[in-house]
Structures are given as structure tokens and as C-alpha cells.
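Engineer: Mind looking over this structure? Questions follow.
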Amino acid sequence: MKIDVSRIPYEEVERVAAGACLEVMNIARVGKRIVLECAEPRPLAFSLEPIVF
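Numbering-wise (my numbering), the sequence shown opens with residue 52 and increments by one.
So this is what it looks like as C-alpha cells:
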């Protein structure tokens, strides 16, 4: 997913990415635009021991 953040002040970019729960993979300059390449965070994988009665 790519998000154009050209019109957002630089200080707000991190807050926007964190608020959207996105993982920023790369920050690219495309001409005069600044684009964040983002991915949805991977869910944490865990396992539970079976409960035996």
C-alpha cells in the first residue's frame, strides 16, 4: 500500500502511520511527492498448551 504524505508536515508522518496501525517499509521521493510504502502489520503468532482435565 502506498500513501502520499506530501501535504502532511514531516512531524505528523510518524503519527499518521502509527495511528493507522501500519508498518512503514520504505519512504520514497517520487518527483515532488513523498510516498510511504506500507504494509499491514503481521499478526502475532502464538500457541497455547492444551488444557487437560
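Think of the CB as a built atom: it goes at the ideal place given N, C-alpha and C, for glycine as much as any other residue.
Hey, how far is the Cα of Glu63 from the Cα of Ser57?
Structural biologist: About 11 angstroms.
Engineer: Identify whether Arg66 lies in helix, strand or coil by the three-state DSSP scheme.
Structural biologist: helix
Engineer: Pull up the distance between the alpha-carbon of Ile78 and that of Ala90, whole angstroms please.
Structural biologist: 12 angstroms
Engineer: Where do the N-terminal and C-terminal ends of the beta strand (DSSP E) with Val81 fall, by residue?
Structural biologist: From DSSP, the beta strand (DSSP E) with Val81 extends over 74-81.
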